[in-house]
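Chemist:
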Amino acid sequence: MGKPDIEINSLDYQGMLQAVFLATQDAISVVNEKGVHILVNPAYTKITGLEYDDVLGKNALYDIEEGESLHMKVLSTKKPVENTKLKIRPSGKTVVAQAAPIIVNGVMKGSVAVLHDMSGIKDLTDKLEEARKKIKSIDIQVQA
Numbered sequence: 339m340g341k342p343d344i345e346i347n348s349l350d351y352q353g354m355l356q357a358v359f360l361a362t363q364d365a366i367s368v369v370n371e372k373g374v375h376i377l378v379n380p381a382y383t384k385i386t387g388l389e390y391d392d393v394l395g396k397n398a399l400y401d402i403e404e405g406e407s408l409h410m411k412v413l414s415t416k417k418p419v420e421n422t423k424l425k426i427r428p429s430g431k432t433v434v435a436q437a438a439p440i441i442v443n444g445v446m447k448g449s450v451a452v453l454h455d456m457s458g459i460k461d462l463t464d465k466l467e468e469a470r471k472k473i474k475s476i477d478i479q480v481q482a
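The sequence shown lines up with residues 339 to 482 when you count with the numbering used here.
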C-alpha cells in the first residue's frame, strides 16, 4: 500500500507540524548538531519545570538530573535511542525518553527527543499496591 495522494502546500504542512508540536502531551526537545537546545514544546516546560527561555541555548545535559543525555548519544552514534529512563531537573520527575537524529539531505542537523512523564503511572502503581495491602489485611481479618 503506497502513500495516499494528498496535496498539501508547504505553508499548510508547516502549520500542521507546528500544531502537532504544540498540542502533544509528551515533551519534545530539539538540539542542534552541537547539542544545544534550539526548540522545546509547552509539554516540555510543564514536565521539566524549566521555562522556554531558560533552556534555549543550553547544553543537552542541562535538564538531566540522573541518566545519560539521549541527545548526546544520538549525536555521537547517529542512531536512534529508545525507551531510556531519566530523571529530569528541576522537577525531579522520572520520564521514559526516546531520541532520533535529524538528518537533512544526508547531513546530521541535530536530534529530537520525546519524553513521556511516568509520574502518573507511578502514582497509580503506588495506589494499587496500597489497595492490595488493604485487601490482604481485610482478608486476614475475615479468615481469623
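All C-beta atoms, glycine included, are put in the ideal place defined by N, C-alpha and C. Please read these numbers as outputs of a predicted model, since none were measured by experiment.
1) Please tell me whether Val452 and Asp364 are closer than 8 Å, where the distance is taken between their beta carbons.
2) Does the distance from the CB of His454 to the CB of Val433 come in under 8 Å?
3) Tell me, please, which residues DSSP counts as bridged to Val374.
4) If you reduce the DSSP assignment to three classes, tell me which class Ser429 lands in.
5) Whole angstroms are fine: how far does the CA of Gln436 sit from the CA of Glu467?
6) Could you check whether Val374 and Lys396 sit closer than 8 Å to each other, using their CB atoms as the reference points?
7) State the DSSP-derived secondary structure class of Leu424, mapped to helix, strand or coil.
8) Nearest-angstrom Cα distance between Glu404 and Thr422?
9) Could you check what DSSP says for Pro439 in three-state terms: helix, strand or coil?
10) Whole angstroms is fine: what's the gap from Gly448's alpha carbon to Tyr390's?
Modeler: Taking the geometry as given:
1) yes
2) The Cβ-Cβ distance between His454 and Val433 falls below 8 Å.
3) Asn397
4) Here Ser429 sits in coil by DSSP.
5) Near 28 Å, if we compare the C-alpha coordinates of Gln436 and Glu467.
6) yes
7) strand
8) 11 Å
9) strand
10) Each residue's Cα considered, the two are about 18 Å apart.
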